[in-house]
Amino acid sequence: MSRQALLRVDGLQKLFPIKKGFWKRTVGHVRAVDGVTFHIDEGETLGLVGESGCGKTTTARCILRAVEPTAGEILMRVSDGSEIELGRLRPAELRALRREMQMIFQDPFTSLNPRMTLLDLVGEPLLVHGMKNREEREARVADLLRRVGLRPEYMRRFPHAFSGGERQRIGIARALALHPRLVVADEPVSALDVSVQAQILNLLIDLQSEFRLTYLFVAHDLSVVRHISNRVAVMYVGRIVELGTTAELFTAPKHPYTAALLSAVPEPDPRAPSRRIMLEGEVANPAAPPPGCYFHPRCPYAIDKCRTEAPSWREISPAHFAACHRAEELQLAGVE
Amino acid sequence: MAGSPVDGASSTAPLLSVRNLKTYFPQDEGTVKAVDGVSFDLHAGGTLGVVGESGCGKSITARSILGIVDRPGRIVDGEIHFRRRTAPGLSEAERTVDLAKLPPNGEALRAIRGAEIALIFQEPMSSFSPVHTIGNQIIEVIGLHQRLAKRPAREKAIEMLRRVGVSSPDERVDQLSHQLSGGLRQRAMIAMALSCSPTLLIADEPTTALDVTTQTQILQLMRQLQREDGMAIMLITHDLGVVAEMAKDVVVMYLGRVVEQAPVDDIFHAPRHPYTKALLRSIPRIRSGARERLTPIAGSVPHPYDRPSGCPFHPRCPDFMPGKCDREVPSLRAVGNRHAVSCFLYE
Chain B
1 MSRQALLRVD GLQKLFPIKK GFWKRTVGHV RAVDGVTFHI DEGETLGLVG
51 ESGCGKTTTA RCILRAVEPT AGEILMRVSD GSEIELGRLR PAELRALRRE
101 MQMIFQDPFT SLNPRMTLLD LVGEPLLVHG MKNREEREAR VADLLRRVGL
151 RPEYMRRFPH AFSGGERQRI GIARALALHP RLVVADEPVS ALDVSVQAQI
201 LNLLIDLQSE FRLTYLFVAH DLSVVRHISN RVAVMYVGRI VELGTTAELF
251 TAPKHPYTAA LLSAVPEPDP RAPSRRIMLE GEVANPAAPP PGCYFHPRCP
301 YAIDKCRTEA PSWREISPAH FAACHRAEEL QLAGVE
Chain D
1001 MAGSPVDGAS STAPLLSVRN LKTYFPQDEG TVKAVDGVSF DLHAGGTLGV
1051 VGESGCGKSI TARSILGIVD RPGRIVDGEI HFRRRTAPGL SEAERTVDLA
1101 KLPPNGEALR AIRGAEIALI FQEPMSSFSP VHTIGNQIIE VIGLHQRLAK
1151 RPAREKAIEM LRRVGVSSPD ERVDQLSHQL SGGLRQRAMI AMALSCSPTL
1201 LIADEPTTAL DVTTQTQILQ LMRQLQREDG MAIMLITHDL GVVAEMAKDV
1251 VVMYLGRVVE QAPVDDIFHA PRHPYTKALL RSIPRIRSGA RERLTPIAGS
1301 VPHPYDRPSG CPFHPRCPDF MPGKCDREVP SLRAVGNRHA VSCFLYE
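Heads up: the protein sequence lines correspond to chains B and D, in order.
Residues in the first sequence are numbered from 1 upward in steps of one, following the working numbering.
Residues in the second sequence are numbered from 1001 upward in steps of one, following the working numbering.
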């Protein structure tokens, strides 16, 4: 491997207890993330896609330890080249590492404190991490605002004076304030108007090459993911079902769920041939997933084995992984 | 069946004809012109896509048609001609009513709303009452418009739920909305909307809150029901993919005005208005190279209080003509067969 992995996630699991009754006894668990393994190389973008409730956001939050994982390892390579296990860090050690990993949130209307000016919002992480000098901080904030395409003169204004796209730029400036190496972006453009999405996606790509950032890009919109990711992982009911390079996963998917997801995206072209794969039923309940492959009740290719035996996670072709019993034999259609 | 497609000479008269509709919201800071001179036609059995970004007035247009604009908003000008279905005692001339002139809570409009024009909302979670079973809510609609007794109305509700693909409808009918998944809730919403066989279904972002695989199911269901019942659909959405798939004709709106109107193929393959063109260039597409750069539209949608002078799109327009676009407001002009644009480039 030519590039080094910045982040390695191995067997990540997060169970949320279901409590019932007066004594709040735990009667079961929601298997939000159930054995997720992947790595992200330095400087690349990994897209993490799936439908609502598939565990993509929980995975992202576990990596930042905004949510405590139940099991699994999260290894991050720090500046000196050594790998640190994030799951075992004590709060103080974790705080120091937080400089290196930041998050961009979905909704720019609720993720910015309405009573803080841009200077306070973007300057807060700087202050927390020890930049006490006010002038120095102001200069850095002005520089950051310029980098994300906002006028530094606006730094004494409040977020309400800005549009959705501009607010998302503020959120990005705030995330970049401490020179992070890993940026976790959770649906960063899905709350924005269509005409503004493109601006933010381009900005994220530009900033990535400028600051050599590594992105974990969580989204449900496959078109958006195709435009930004080097590799893509597809999640279904707490598990990754397929992972591959963007080009390969979109043109030659190996898992029937990926193929169905790709086919379901309506194309902005009335002449586009209909290539719908209609999935029956609904996403499985992560509190009581079906036996065998979680996807088998909806899978058009399911065989007896799928109903009883969970498929193994394996490399189908170089750097292209899938968890499907029939991944090798199926010829699934992607999009060109 | 009532609501059969209009025939003979009357088939040329549109089912819905909106002319120069203006719906304003007077506020302390000034008047928000949410809808500012919108005109379009929708024929019986057709599907009209209304596309635009947030704040373009697409939802307020729909609410104006139904007479459910929230206060202080009101229709200040314009006409909404709607052709009612044939009924005994209703002469041919009386069939066309101007909904804009009817009092919003009057009996005349209430007889049309729900019975002849139905609405599906974006958020199925908040559009059902959380404390009544979905069955009772559907039964209420049926009882209101069809004078059915409780038991037959319940039978009809179960039948409607079955038609929209709800499994075991005789159990679901007694459930509360929070017991249903998002997709099922949207199906129940469609069952309620179609329970009185409307001739016009207004669907306001019907699949925006749903996952893609569920969206596929719901769009398919809407097409199937339209084939069976022959109702017209006014589909409001920001998703150009959904429009391309569903609509026959498209209206593109920007800041309360129609900027372009054309058959769906023209909108996507021969767009004329700079906004339509820019929008099509800017959207991420599933068929693209990996990590391909997009061509964004500069700036953002202006706040409704500081609406630009002249053409509302001029500050973001690549073809802006100083002295013209920022002074005068272009009007919608025909540029081809069923194709109209409001832009000075075509005058």
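The beta-carbon is built from N, C-alpha and C at its ideal position, and this holds for glycine as well.
These numbers come from a predicted model, not from an experiment.
Below 7 Å CB to CB, which residues in the same chain sit around residue i once its five sequence neighbours on both sides are set aside?
i: R156/B; result: T117 and L119
i: L1345/D; result: D1319
i: P253/B; result: E242, A259, L262, L332 and G334
i: K14/B; result: A32, V33, T58, C62, V67, P69 and T70
i: V196/B; result: G164 and G165
i: P1130/D; result: L1176, S1177 and H1178
i: Q168/B; result: P108, P188, L192 and I200
i: E248/B; result: H320
Just to check, is the beta-carbon of residue i closer than 8 Å to a non-hydrogen atom of the ligand FMN?
i: P1026/D; result: Of the ligands one can find in the structure shown there are none, so the ligand FMN has no counterpart to examine.
If you draw a straight line from the alpha carbon of residue i to that of residue j, how long is it in whole angstroms?
i: T251/B; j: P297/B; result: 25 Å
i: R1187/D; j: P273/B; result: 26 Å
i: P1104/D; j: I1065/D; result: 10 Å
i: H1145/D; j: I1139/D; result: 10 Å
i: V122/B; j: I170/B; result: 7 Å
i: A1232/D; j: K56/B; result: 39 Å
i: Q106/B; j: S82/B; result: 32 Å
i: Y301/B; j: T1276/D; result: 41 Å
i: R1172/D; j: S1126/D; result: 18 Å
i: L1119/D; j: G1067/D; result: 12 Å
i: A1153/D; j: I1134/D; result: 13 Å
i: L203/B; j: Y294/B; result: 37 Å
i: V1006/D; j: F1128/D; result: Reliability fails at V1006/D, whose pLDDT of 33 lies under 50, so the model's placement of it is uncertain and the value that follows must be treated cautiously. Distance between the alpha carbons of V1006/D and F1128/D: 33 Å.
i: T1031/D; j: A1334/D; result: 30 Å
i: V189/B; j: L46/B; result: 16 Å
i: E1029/D; j: H160/B; result: 16 Å
i: K1324/D; j: H1081/D; result: 34 Å
i: E1053/D; j: T1023/D; result: 18 Å
i: A1111/D; j: E1159/D; result: 23 Å
i: I1060/D; j: E328/B; result: 52 Å
For the putative contact between residue i and residue j, defined by C-beta atoms under 8 Å, what is the C-beta separation to the nearest angstrom?
i: D269/B; j: A1270/D; result: At roughly 13 Å, the Cβ-Cβ gap does not stay under 8 Å, so D269/B and A1270/D are not in contact.
i: L12/B; j: G72/B; result: 4 Å
i: I205/B; j: R1293/D; result: 7 Å
i: V1250/D; j: V1051/D; result: 6 Å
i: F1025/D; j: P1072/D; result: 6 Å
i: A233/B; j: L86/B; result: That pair is no contact at about 19 Å.
Taking the beta carbon of residue i as the centre, do at least 16 other beta carbons fall within 10 Å, making it buried, or is it exposed?
i: P318/B; result: exposed
i: Q331/B; result: exposed
i: A1062/D; result: buried
i: R1227/D; result: exposed
i: M1001/D; result: Because M1001/D sits at a pLDDT of 34, beneath the cut-off of 50, its placement in the model cannot be relied upon, and the following sentence gives the value as read from the coordinates. M1001/D is exposed by the Cβ-count criterion.
i: T1199/D; result: buried
i: D186/B; result: buried
i: E1365/D; result: The first residue shown for chain D is 1001 and the last is 1347, placing residue 1365/D beyond what the model contains.
i: S209/B; result: exposed
i: S312/B; result: exposed
i: H1314/D; result: buried
i: G1214/D; result: For the sequence presented, residue 1214/D should be read as Thr rather than Gly. Under this definition T1214/D is a buried residue.
i: E280/B; result: exposed
Residues in the same chain with beta-carbon distance under 8 Å from residue i, minus the five sequence neighbours each way, listed in chain order, please.
i: A287/B; result: I18, G28, H29, V30 and R31
i: Y211/B; result: Strictly speaking, residue 211/B in this sequence is Phe, with Tyr absent from that position. Closer than 8 Å at Cβ, skipping near neighbours: L176 and H179.
i: C54/B; result: M235, Y236, V237, G238 and V283
i: M1246/D; result: T1047, G1049, L1219, M1222, R1223, I1233 and L1235
With a CB to CB cut of under 6 Å and the five nearest residues on each side skipped, what residues in its chain are close to residue i?
i: R1327/D; result: G1310
i: L1148/D; result: I1142
i: V1259/D; result: V1252, H1273, Y1275 and S1342
i: D990/D; result: There is simply no residue 990/D to check, as chain D begins at 1001 and stops at 1347 in what is shown.
Return the residue from the list the options that minimises the CA-CA distance to residue i.
i: L213/B; options: E44/B, V9/B, L7/B and V36/B; result: E44/B
i: L1240/D; options: V225/B, L216/B and P266/B; result: P266/B
i: R1281/D; options: V218/B, F158/B, Q199/B and L204/B; result: Q199/B
i: R226/B; options: A1290/D, I1117/D, G1114/D and V1069/D; result: A1290/D
i: G130/B; options: R99/B, L94/B and T110/B; result: R99/B
i: A139/B; options: P152/B, M101/B and F16/B; result: P152/B
i: G1230/D; options: L1194/D, R1257/D and T1237/D; result: L1194/D
i: P125/B; options: R314/B, A233/B, F321/B and L97/B; result: L97/B
i: A338/B; options: V218/B, P291/B and E315/B; result: The question about residue 338/B has no answer, for chain B in this structure spans 1 to 336.
i: C1196/D; options: S1017/D, E1079/D, K1156/D and H1238/D; result: K1156/D
i: L1210/D; options: M1321/D, L1201/D and G1183/D; result: G1183/D
i: G1299/D; options: V1264/D, V1166/D and C1317/D; result: C1317/D
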